[in-house]
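Line by line, the protein sequences give chains A and B. Going letter by letter, the first sequence gives residues 22 to 200 in my numbering. Going letter by letter, the second sequence gives residues 1291 to 1419 in my numbering.
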Amino acid sequence: MIGSYRKHKEIQIEDVIVSYAGALNMDIVSSVMNLSEVTLLAQAIKLKQRKSLINIVIEGLQNVLHHTIEDSNFNGQHRDCLVMIGKEDAHLCVYIGNYIKATHIPILRQKLESLQAMTSEELHRYYLETLDKDTFPTKGGAGLGWIRIFLDSNRAVSYHFEKVNEQYSFFGFTAKVLG
Amino acid sequence: MEKLLIEPTNITPQVAFDPNGQLEISGLSLPEDSYEFYNPMLAWVTTYAKSPAAKTELIFKFEYFNTSSTSYILKLIKEMAKLLNEGHQATVSWYHDYDDDDMSEAGKGLGSLTTIPVNLIGYKAKNIY
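Structure below.
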């Protein structure tokens, strides 16, 4: 099922550098990160851009691990995800897509809309305020991951939700890293 | 008191905490459960602080760290601030590759949240991403 999203996205993204679709765990996050690093280095992408892209990959994929549905009714594909690095509109970008429960959409949409409304300075301040609150869950980063994605992409984040059925949707986001 | 030594993995850093006062964390910090990974270090430092060495240096040499690690990194830095406030000698050294502005900025950001200075030290990192 995730294969169809992959095919669709590979048409949209130019010059795909890295593409993975399938099950996700921390070993795979590590492998995707290493592959991204090697290929970006081979393409002589500057350190600052490489770091931003890889930070986005790390935070995006760990968000998928922490927050995706653990629901055996969903054909065992609940932790499938799609991650791609390539170019969109001549800018390097990361795309990450995964399945989520429809009931989670309003909270996620609200979080993303509030971050999109902030300036870079406001995001930076919000990041430090959240960090200093000392109310972190044992897993996950209390929303810091999304703030970091917005900061590393200088707020160039777009996203979409596609209904799969009444209970589940596919959520995808693109974060661009400007040169 | 015994040393705390943790070998690195593909997603967690090397940890070498020595009761002689050298406390170092280096490598990648991407643990899935940051509490589980960092809590032993915090527990070690709490015990160490009851009878610390003449000088304590907390050293960070990260290649990457995820946001869920950041809270615990900050907690460790704040433990050094406590030592300093209690009249002990303590420093925090934040290493970053000369070209890695991102890592340097991260150190500055953490420093802005504590009362102990975070010393930014540039160096030529091996295997820098």
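No residue lacks a Cβ here, since even glycine has one placed at the ideal position from N, Cα and C. Being a predicted model, the structure only gives us computed values, none of them experimental.
Outcome for residue i when other beta-carbon atoms lying within 10 angstroms are tallied against a minimum of 16
{"i": "Asn46 (chain A)", "result": "exposed"}
{"i": "Gly200 (chain A)", "result": "exposed"}
{"i": "Tyr1419 (chain B)", "result": "Because Tyr1419 (chain B) carries a pLDDT of 48, less than 50, the predicted location of this residue cannot be relied on, and the following value inherits that uncertainty. By the neighbour-count rule (16 or more Cβ atoms within 10 Å), Tyr1419 (chain B) is buried."}
{"i": "Ser190 (chain A)", "result": "buried"}
{"i": "Asp101 (chain A)", "result": "buried"}
{"i": "Asp110 (chain A)", "result": "exposed"}
{"i": "Asp173 (chain A)", "result": "buried"}
{"i": "Tyr148 (chain A)", "result": "buried"}
{"i": "Lys72 (chain A)", "result": "buried"}
{"i": "Val59 (chain A)", "result": "exposed"}
{"i": "Asn1375 (chain B)", "result": "exposed"}
{"i": "Thr140 (chain A)", "result": "exposed"}
{"i": "Tyr1413 (chain B)", "result": "exposed"}
{"i": "Thr1360 (chain B)", "result": "buried"}
{"i": "Ile128 (chain A)", "result": "exposed"}
{"i": "Glu1292 (chain B)", "result": "exposed"}
{"i": "Asp1387 (chain B)", "result": "buried"}
{"i": "Gly1377 (chain B)", "result": "exposed"}
{"i": "Tyr26 (chain A)", "result": "buried"}
{"i": "Ser93 (chain A)", "result": "The pLDDT assigned to Ser93 (chain A) is 47, lower than 50, so where the model puts this residue is not dependable, and the model offers no usable value."}
{"i": "Glu80 (chain A)", "result": "buried"}
{"i": "Lys1 (chain A)", "result": "Look at the range of chain A in this structure, 22 to 200, and you will see that residue 1 (chain A) is not part of it."}
{"i": "Arg169 (chain A)", "result": "buried"}
{"i": "Leu113 (chain A)", "result": "buried"}
{"i": "Ala1380 (chain B)", "result": "buried"}
{"i": "Gln131 (chain A)", "result": "exposed"}
{"i": "Ser1358 (chain B)", "result": "buried"}
{"i": "Met105 (chain A)", "result": "buried"}
Interface residues of chain B facing residue i [CB-CB closer than 7 Å]
{"i": "Arg27 (chain A)", "result": "Near Arg27 (chain A) there are no residues of chain B at all, since even the closest Cβ is about 24 Å away, more than 7 Å."}
{"i": "Met47 (chain A)", "result": "Ile1301, Glu1322"}
{"i": "Gly5 (chain A)", "result": "For residue 5 (chain A) there is no data in the structure shown, the boundaries of chain A being 22 and 200."}
Where the beta strand (DSSP E) containing residue i begins and where it ends
{"i": "Gly81 (chain A)", "result": "Note, Gly81 (chain A): premise wrong, no beta strand (DSSP E); alpha helix (DSSP H) at 68 to 88."}
{"i": "Gly1412 (chain B)", "result": "1408 to 1413"}
{"i": "Glu1441 (chain B)", "result": "The structure shown does not extend to residue 1441 (chain B), since chain B is modelled only from 1291 through 1419, so no value can be given for it."}
{"i": "Thr195 (chain A)", "result": "189 to 198"}
{"i": "Gln1312 (chain B)", "result": "1312 to 1319"}
{"i": "Ser1383 (chain B)", "result": "1379 to 1387"}
{"i": "Ile1296 (chain B)", "result": "1294 to 1296"}
{"i": "Glu183 (chain A)", "result": "178 to 184"}
{"i": "Gln1304 (chain B)", "result": "1304 to 1307"}
Proximal residues of chain A, C-beta to C-beta of residue i below 9 Å
{"i": "Asp1308 (chain B)", "result": "Chain A residues near Asp1308 (chain B): none, gap ~27 Å exceeds 9 Å."}
{"i": "Leu1403 (chain B)", "result": "Leu149, Leu152, Asp153"}
{"i": "Gly1399 (chain B)", "result": "His145, Tyr148, Leu149, Leu152"}
8 Å Cβ cut-off: residues of chain B touching residue i
{"i": "Glu80 (chain A)", "result": "Asn1356, Thr1357"}
{"i": "Arg169 (chain A)", "result": "Thr1357"}
{"i": "Leu86 (chain A)", "result": "Glu1322"}
{"i": "Ser174 (chain A)", "result": "Near Ser174 (chain A) there are no residues of chain B at all, since even the closest Cβ is about 13 Å away, more than 8 Å."}
{"i": "Leu56 (chain A)", "result": "Going along chain B, no residue has its Cβ under 8 Å from Leu56 (chain A), so there is no contact; the nearest lies around 12 Å."}
{"i": "Gln33 (chain A)", "result": "None at all; the shortest Cβ gap to chain B is about 27 Å."}
Residue i: CB within 7 Å of a non-hydrogen atom of the ligand ZN
{"i": "Gln1312 (chain B)", "result": "With respect to small molecules bound, the structure shown includes none, and the ligand ZN cannot be examined in it."}
Residue i, enclosing alpha helix (DSSP H) - first and last residue
{"i": "His29 (chain A)", "result": "23 to 33"}
{"i": "Glu1395 (chain B)", "result": "1391 to 1401"}
{"i": "Leu45 (chain A)", "result": "Premise fails: Leu45 (chain A) is in no alpha helix (DSSP H) and is neither H nor E."}
{"i": "Thr1337 (chain B)", "result": "1324 to 1338"}
Under 7 Å by beta carbon: chain A residues contacting residue i
{"i": "Thr1336 (chain B)", "result": "Here the premise fails: no neighbours, minimum Cβ distance about 16 Å."}
{"i": "Glu1314 (chain B)", "result": "None at all; the shortest Cβ gap to chain A is about 22 Å."}
{"i": "Ser1394 (chain B)", "result": "Within chain A, no residue comes near Ser1394 (chain B); the closest Cβ sits about 11 Å away, beyond 7 Å."}
Partners in chain A for residue i, counting only beta-carbon separations shorter than 8 Å
{"i": "Ser1319 (chain B)", "result": "Correct list: empty, because the minimum Cβ distance to chain A is about 10 Å."}
Practice task
Could you tell me whether the stretch 1345 to 1358 of chain B touches the stretch 30 to 43 of chain A, where touching means 3 or more Cβ pairs closer than 8 Å?
Solution key: no
Handout entry: Entirely enclosed alpha helix (DSSP H) segments - the stretch 101 to 175 of chain A, minimum 4 residues
Key = 126 to 137, 141 to 153, 165 to 173
Handout entry: Segment contact flag, the stretch 1324 to 1335 of chain B with the stretch 52 to 72 of chain A, C-beta cutoff 8 Å, min 3 pairs
Key = no
Exercise for the section: Would you check if the stretch 1378 to 1397 of chain B and the stretch 64 to 72 of chain A touch, i.e. whether three or more CB-CB distances between them fall below 8 Å? Expected result: yes
Handout entry: Cβ contact (3+ pairs, closer than 8 Å) linking the stretch 1311 to 1319 of chain B and the stretch 118 to 136 of chain A
Key = no
Problem - Sufficient close CB pairs (3 or more, under 8 Å) joining the stretch 1403 to 1411 of chain B to the stretch 1369 to 1380 of chain B - result: yes
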